Amino acid sequence: GHPVAFRNIKLRPLNLQPLFNGRDLSGWRPVDSPRAKEPPRWTVREGMIHVEGGPGHLETESLFQDFVLQLDIRTNPQQPDHHPNSGVFFRGRPGELWSGYEAQIRNEYKDDPSNPVDYGTGGIYRNQAARRIIAQDGEFFTMTVVARGRHLATWVNGFPVADWEDPNPVGTNVRKKEAVLEPGTISLQAHDPTTNLDFKRIRIAPLPERGPDKGR
Numbered sequence: 012g013h014p015v016a017f018r019n020i021k022l023r024p025l026n027l028q029p030l031f032n033g034r035d036l037s038g039w040r041p042v043d044s045p046r047a048k049e050p051p052r053w054t055v056r057e058g059m060i061h062v063e064g065g066p067g068h069l070e071t072e073s074l075f076q077d078f079v080l081q082l083d084i085r086t087n088p089q090q091p092d093h094h095p096n097s098g099v100f101f102r103g104r105p106g107e108l109w110s111g112y113e114a115q116i117r118n119e120y121k122d123d124p125s126n127p128v129d130y131g132t133g134g135i136y137r138n139q140a141a142r143r144i145i146a147q148d149g150e151f152f153t154m155t156v157v158a159r160g161r162h163l164a165t166w167v168n169g170f171p172v173a174d175w176e177d178p179n180p181v182g183t184n185v186r187k188k189e190a191v192l193e194p195g196t197i198s199l200q201a202h203d204p205t206t207n208l209d210f211k212r213i214r215i216a217p218l219p220e221r222g223p224d225k226g227r
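Heads up, the sequence shown stops at 227 in my numbering, and the numbers go up one at a time, no gaps.
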């Protein structure tokens, strides 16, 4: 069975350590896309990381393998009926744009919140859609991501939205249908020129090392 701890994650898990100090981008570095006419603009204001433009991402200098990650996110639409697209990547390869797994950020659905567009906020992009869209554009929401071996799960505002075990053979590239189990970066996505988001209270708690099976 899955670790019981997954079912007992509260809104504010204990022992979370800040990944963002609220003052500057110490511990983070930008990675720009060669496709970008202008690179994303990452700034710190009022205790938040603010980003406009893209594509590109902001990644941690440290690497993380198994962890509980929690952060507050706000999408800021710049026009009616626009739902900004972003994501939180993890177990990424340093300096490589949008590698690793992605917890999607997109507060859009078709007809009903249980029918998300493009996997939806909290969905494991390309693998499992969110159960329903919980968050709304223009309002901060809390995303929790738990990664332990092949088991990935997400919550939005405390509501479980994805719970997926990667069945693929172990490798180095999620997009090639490989399970990535080694430590990697955590990154915030600047998806495109319309990107406008805020991130704050970014915190993490590494989980204990797994046993020799590595896959669980």
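We treat Cβ as the ideally placed atom computed from N, Cα and C, and that holds for glycine. Source: prediction; values computed, not measured.
Own chain partners of P217 with C-beta closer than 8 Å, once the 5 adjacent residues on each side are dropped:
To locate residue 217, count along the sequence shown from 1; it is residue 206. Cβ neighbours of P217 beyond the five flanking positions: F75, Q76, D77, F78.
Have a look at R52 and E220 and give me their C-alpha separation to the nearest angstrom.
Within the sequence shown, numbered from 1, the residue matching residue 52 stands at position 41. Within the sequence shown, numbered from 1, the residue matching residue 220 stands at position 209. The alpha-carbon atoms of R52 and E220 are separated by roughly 36 Å.
With a Cβ-Cβ cutoff of 7 Å, do M154 and I215 count as a contact?
As a position in the sequence shown, residue 154 is number 143, starting the count at 1. As a position in the sequence shown, residue 215 is number 204, starting the count at 1. Contact flag unset, no.
Taking C-alpha atoms, which residue in Q115, L108, K187, S125 lies nearest to P66?
Within the sequence shown, numbered from 1, the residue matching residue 66 stands at position 55. Of Q115, L108, K187, S125, the residue nearest in Cα terms is L108.
May I have the straight-line CA-CA distance separating Y120 from I145, to the nearest angstrom?
The sequence position of residue 120 within the sequence shown is 109, counting from 1. The sequence position of residue 145 within the sequence shown is 134, counting from 1. Distance between the alpha carbons of Y120 and I145: 10 Å.
Classify V181: buried if its beta carbon has 16 or more other beta carbons within 10 angstroms, exposed otherwise.
Taking the first residue of the sequence shown as position 1, residue 181 is located at position 170. Answer is exposed; the Cβ neighbour count stays below 16.
Please identify the residue among P41, P171, L69, N32 whose C-alpha is closest to the C-alpha of S125.
As a first step, residue 125 must be located in the sequence shown, where it is residue number 114. Closest option to S125, Cα to Cα, is P171.
Let's test the definition: count the other Cβ atoms within 10 Å of the Cβ of D177 and tell me whether it reaches 16, buried, or not, exposed.
Within the sequence shown, the letter at position 166 stands for residue 177. The residue is buried, with at least 16 neighbouring Cβ atoms inside 10 Å.
Can you give the Cα-Cα distance for G12 and G169, rounded to whole angstroms?
Mapped onto the sequence shown, residue 12 falls at position 1. Mapped onto the sequence shown, residue 169 falls at position 158. Bear in mind that a pLDDT of 47 at G12, under 50, signals an unreliable position, so the model cannot answer this.
Using the Cβ count rule (16 or more neighbours within 10 Å means buried), how would you classify P127?
Stepping through the sequence shown from its first residue, residue 127 is reached at position 116. That one is buried.
Distance check for T86 and N207, CA to CA, integer angstroms please.
For the purposes of this step, residue 207 is taken as residue 196 along the sequence shown, with counting starting at 1. For the purposes of this step, residue 86 is taken as residue 75 along the sequence shown, with counting starting at 1. Computed Cα separation, rounded: 6 Å.
Taking only three categories from DSSP, how would you classify L218?
Mapped onto the sequence shown, residue 218 falls at position 207. DSSP places L218 in coil when its eight states are reduced to three.
Between E72 and P29, what straight-line distance do the alpha-carbon atoms span, to the nearest angstrom?
Locating residue 72 in the sequence shown gives position 61, counting from the first residue. Locating residue 29 in the sequence shown gives position 18, counting from the first residue. Taking the straight line joining both Cα atoms gives about 14 Å.
Could you give the distance in angstroms between the alpha-carbon of D92 and the alpha-carbon of W166?
For the purposes of this step, residue 92 is identified with residue 81 of the sequence shown, where counting begins at 1. For the purposes of this step, residue 166 is identified with residue 155 of the sequence shown, where counting begins at 1. So the alpha carbons of these two residues sit roughly 25 Å apart.
How would you label S37, buried or exposed, when you count the other beta carbons within 10 angstroms and need 16 or more for buried?
Sequence index remark: in the sequence shown, residue 37 carries index 26 (1-based). Result: exposed.
Closest to L69 by C-alpha separation, out of Q89, R46, P41, would be which residue?
Position 58 of the sequence shown, counted from the first residue, corresponds to residue 69. For L69, the nearest C-alpha among the options comes from P41.
Between Y112, I60, Y130, which lies nearest to K187 when the distance is taken from Cα to Cα?
Numbered from its first residue, the sequence shown carries residue 187 at position 176. Comparing Cα positions, the closest option is Y112.
Residue from L27, N179, A164, G58 whose Cα sits closest to the Cα of G134
Walking along the sequence shown from the start, residue 134 turns up at place 123. It is A164.
First and last residue of the beta strand (DSSP E) that includes S97?
Here residue 97 refers to the residue found at position 86 when the sequence shown is read from its first residue. Unbroken beta strand (DSSP E) run through S97: 97-103.
Cβ of R161 within 7 Å of Cβ of A190?
As a position in the sequence shown, residue 161 is number 150, starting the count at 1. As a position in the sequence shown, residue 190 is number 179, starting the count at 1. Yes, the pair counts as a contact, with Cβ atoms nearer than the cut-off.
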